[in-house]
């Protein structure tokens with residue numbers, strides 16, 4: 658199989674260590690075209706690319722019988738396309754021979770850095786807002802819990818006794834018959850039945866303080 662000029666140039670550059678992106682940039686061809694070309698010609702094997710250039714191997718064919726073939730496991734993985742990430746694009750543009758492209762690369766990098774700073778600031782602000790909201794919710798829950806405890810304490814205080822009202826004083830037990838007899842002896846009006854008047858009971862208790 659005879660190589661075309663484009664295929665030979667791609668193989669030579671690849672054998673010398675150039676990446677797929679470098680070759681695409683140098684030749685002005687599409688990155689996917691160079692990737693497919695090198696895969697078809699040498700399976701992205703730099704050693705095989707060198708052998709093909711030297712005529713010791715054939716494109717897309719098995720290696721020469723006299724040549725040592727490295728195990729497939731030792732083959733280096735395909736190199737990452739430099740244009741697949743923003744950083745790779747910026748690096749390629751910054752190394753471009755055109756001053757205009759270089760200036761655009763600098764401007765693009767500055768814009769990307771500014772964008773990242775803004776996004777990071779928004780993330781930080783959102784996290785701070787969430788923290789403040791969580792603290793506010795916790796404070797409100799604490800206030801509600803304290804109000805419930807205060808209401809319970811008031812209920813317990815009310816049940817223990819109404820403020821300003823004295824507890825009823827227990828009146829000693831007295832035999833109504835003795836009270837009525839005492840009232841007759843002292844000519845104090847007292848009904849023979851029913852409840853003894855408070856005045857009569859008070860006079861009796863005052864004269865008999867130790868009587869139960």
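Numbering (the numbering used here), first residue to last: 658 to 869.
Note that CB positions come from ideal geometry on N, CA and C, so glycine has one too.
- Annotated as proximal: residue 676 and residue 739, with beta-carbon spacing under 8 Å.
- Taking 8 Å as the upper bound for CB-CB distance, residue 859 and residue 845 are not in contact here, some 11 Å apart.
- Rounded to whole angstroms, the separation of the alpha carbons of residue 866 and residue 841 is 19 Å.
- In the three-state DSSP reduction, residue 741 falls in the helix class (H, G or I).
- Under the DSSP assignment, residue 714 falls outside any alpha helix (DSSP H); it carries neither an H nor an E label.
- In this structure, DSSP gives residue 855 a helical state, which the three-state scheme calls helix.
- DSSP, reduced to helix, strand and coil, places residue 847 outside both helices and strands of the structure shown, so it counts as coil.
- Contact fails between the region 685-704 and the region 760-772, because fewer than three Cβ pairs, one in each stretch, are under 8 Å apart.
- Counting along the chain, residue 773 sits inside the alpha helix (DSSP H) bounded by residues 756-817.
- Nearest Cα to residue 669 within the set 659, 706, 780 and 838: 706.
- DSSP, read as helix, strand or coil, puts residue 684 in helix.
- DSSP places residue 663 in the uninterrupted alpha helix (DSSP H) bounded by 662-672.
- In the structure shown, residue 695 falls within a helical segment according to DSSP collapsed to helix, strand and coil.
- For the pair residue 710 and residue 750, the CB atoms are not nearer than the 8 Å cut-off.
- Around residue 864, the same chain offers 839 as residues with beta carbons nearer than 8 Å, after the five sequence neighbours per side are excluded.
- Counting C-beta atoms within 10 angstroms of its own C-beta, residue 698 has 16 or more neighbours from the protein chains shown and is therefore classed as buried.
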